[in-house]
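Q: Numbering (the working numbering), first residue to last: 1 to 315.
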Amino acid sequence: MPVFIIISSLSSQKAWSQRETTGQEFMQNVSNTLYSLLGVYQPEPTQEITPEEKPIVEEKTAKKDEFGEFLGALLKTTLSVLETALEANKQEPPKANPLELAKVKIEPLVVPSKNQGNIVSGEYYDRSQKISKAITPTDPEVRNLAGKLATQFPGNYNYAQICVIWYALKENWRYFNDPRGHEYLASTSESIKLNGGDCDDFAILMSSLIESIGGTTRVIFSRNSTSGHAYCEVYISKNIQDVKNILQKIVDMDAYYKNRLGKPVPTSYKMDYRMDKQGRYWLNMDWQSNYPGGERFPGTSEVAFYPSGKYEILK
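1) Per DSSP, what kind of secondary structure is Arg296 in: helix, strand or coil?
2) For Phe153, which of helix, strand or coil comes out of DSSP?
3) Quick check: does the Cβ of Val251 come within less than 7 Å of any heavy atom belonging to the ligand GTP?
4) Alpha carbons only, please: which of Thr138, Tyr167, Glu141, Asp139 is nearest the one belonging to Gln152?
5) Among the residues of its own chain, which have a CB less than 6 Å from the CB of Tyr291, if the five just before and after it don't count?
6) Have a look at Leu149 and Cys232 and give me their C-alpha separation to the nearest angstrom.
7) Considering only DSSP beta bridges, list what Phe221 is partnered with.
8) Run the CB neighbour count on Pro307, radius 10 Å, all protein chains shown included, and call it buried at 16 or more, exposed below.
9) Once DSSP output is grouped into helix, strand and coil, what is the label at Gly196?
10) What do you get for Leu261, buried or exposed, if any count of 16 or more other CB atoms within 10 angstroms of its CB means buried?
11) Please say whether Val142 and Ser208 have beta carbons closer to each other than 8 Å?
12) Can you name the start and end residues of the alpha helix (DSSP H) that Glu123 belongs to?
13) Can the beta-carbon of Ile236 be found closer than 8 Å to that of Ala146?
Structure, rendered in structure tokens:
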């Protein structure tokens, strides 16, 4: 059964507004790192460009690969948010580094590699093998993308890394259908290059990225009387108090970013998570949600597919 928790965003906005940046040196390091990732030349404020250097500088400035274009909007937005935070708090001495808030370690979960009690045949088994093959956390393109996003909040695998991956895909994803009459599962490298696909392509890429930084995921295929949908879920904990703490931090983070970017902040957050038969809690990471952990698709039949090839009928 899905579990919902309603969290007011008022305290979240207040909590984040009280957090300070760590100063100009930190911002300069962030700026240099982000522009370096994009392959964009950024001269020092006092640096003069000689005629001999001009062609080289122009070449570096123009150099953007497909991956840089994919990340450009997100990384520049992140830089803008940090610069805004610094400007807002520059009159007061720094109190705490916001990145410290991300250091909430999530223990990894080992999922059995075999289907327990399920018949090794039929639609579910065939789909489980296709999804298992499509989820590729060790693919260099997946690892590269996940690493560049996750290192905005460096350290052990944590909730902030999950969120920044979700934001990156959510903000840049462009939806288009499968070929008529076919269920096409795009490779992760294809989805990265296209910046889009359908719902199962998003779920598979989301799963691959989180798995590549040490997380545990599963892909849910869900149906009701009118339509079907696929989305990713991420394991967060076996302890309900840890779950609640992590959910509050996700709410804090989302309210902070929306507030800084001038986007509407929800008056309340309906966090959608569920406990499985083994007492493990899973959080919805659907691209159709308005924030990480938002409401899931209202399915009446659901099957969970794991990267290992295991599948589980949920209802």
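Ideal Cβ placement from N, Cα and C applies to all residues, glycine included.
A: Taking the coordinates as given:
1) coil
2) coil
3) Among the ligands in the structure shown, none appear at all, so the ligand GTP cannot be discussed.
4) Tyr167
5) Asp254
6) 18 Å
7) Ala230, Val303
8) buried
9) strand
10) exposed
11) yes
12) 122-134
13) no
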